């Protein structure tokens, strides 16, 4: 089960995301969990912004559903050989939404690599295409209304106002969604932007004025997804078979 999704990918396209990228990320995680010797990357060390996504398959076989297990990346263009290894481990072990991935989970995992391309500033929060573009949003939290001179009988009101002032005084909030997220969730433009605003950390009211204040950068991605079985076969072909006995009984 190797899946590639890239509008312009050909064998000669430098922006193509290839199965080897996913295998290298899988290798980094496998070696980190087992202390096996890593294989040497055989692909070009091009620089890209990228994300590494770990999913758990809920059902075996083609067409089985998946559940997000970790996803972290960078918008800074990084050499692929080092960045794929780094973000494979960061997304596996340091995505605060999930517990660390454990050895026993390896056979149920699939790894998605997204190489980000074609960054453009959108004219508005609606200026992007669902299913084609990912979005990177940034915005300054709205300032809270002035506090009333009259003392409030509710002590919670003071802490709530203080919380909103702290957010407003903080740095610009930001968040991103990869191109596949909106169609997978059934979102339109407003749904996606509102969810990204929440993801960025804003818990106040989302008004039309707030949406219009959001700066949106749209981008595309070249993506490839590989599964555990393909990784095991790939490592065997390279003369470094996976120690399947180490996974037995876990």
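In the UniProt record's numbering, the protein residues as written are 1 to 250.
Don't be surprised by glycine CBs; every beta carbon is placed ideally from N, CA and C.
These numbers come from a predicted model, not from an experiment.
Out of the options, which one is the CA nearest neighbour of residue i?
i	options	result
residue 252	80, 90, 111, 96	This structure cannot settle anything about residue 252, because the visible part of the chain is limited to 1 through 250.
residue 106	197, 34, 179	34
residue 47	129, 17, 209, 78	78
residue 85	116, 23, 98	23
residue 37	248, 245, 239, 247	239
residue 91	43, 138, 54, 118	54
residue 43	31, 20, 52	20
residue 221	212, 27, 94, 130	130
residue 181	175, 134, 18, 234	134
residue 74	113, 39, 97, 126	113
residue 235	248, 196, 67, 40	40
Could you give the distance in angstroms between the alpha-carbon of residue i and the alpha-carbon of residue j?
i	j	result
residue 144	residue 198	17 Å
residue 214	residue 128	13 Å
residue 140	residue 50	25 Å
residue 103	residue 124	44 Å
residue 7	residue 225	In this prediction, residue 7 has a pLDDT of 38, which is less than 50 and means its spatial position is unreliable; what the coordinates show is noted afterwards. Distance between the alpha carbons of residue 7 and residue 225: 15 Å.
residue 244	residue 89	21 Å
residue 142	residue 201	12 Å
residue 206	residue 31	44 Å
residue 179	residue 187	11 Å
residue 161	residue 173	Note that residue 161 scores a pLDDT of 37, beneath 50, so its modelled location is shaky and nothing firm can be said.
residue 208	residue 82	42 Å
residue 165	residue 137	A caution first: residue 165 carries a pLDDT of 43, below 50, which makes its placement in the model unreliable, though a value can still be read off. Their backbone Cα atoms lie some 21 Å apart in a straight line.
My assumption, with CB atoms under 8 Å, is that residue i sits in contact with residue j. Please give the rounded CB distance.
i	j	result
residue 69	residue 109	7 Å
residue 212	residue 193	Incorrect: roughly 10 Å between the Cβ atoms, too far for contact.
Just reading off the alpha helix (DSSP H) that residue i is part of, what are its end residues?
i	result
residue 19	19-34
residue 231	228-237
Could you check where the beta strand (DSSP E) with residue i kicks off and where it finishes?
i	result
residue 54	47-57
- Go through the stretch 158-225 residue by residue and report every complete run of the alpha helix (DSSP H) that reaches 4 residues or more, in order. 181-185, 189-200, 208-213
- List in chain order: all unbroken beta strand (DSSP E) runs of 3+ residues lying wholly within the stretch 65-124. 66-79, 109-121
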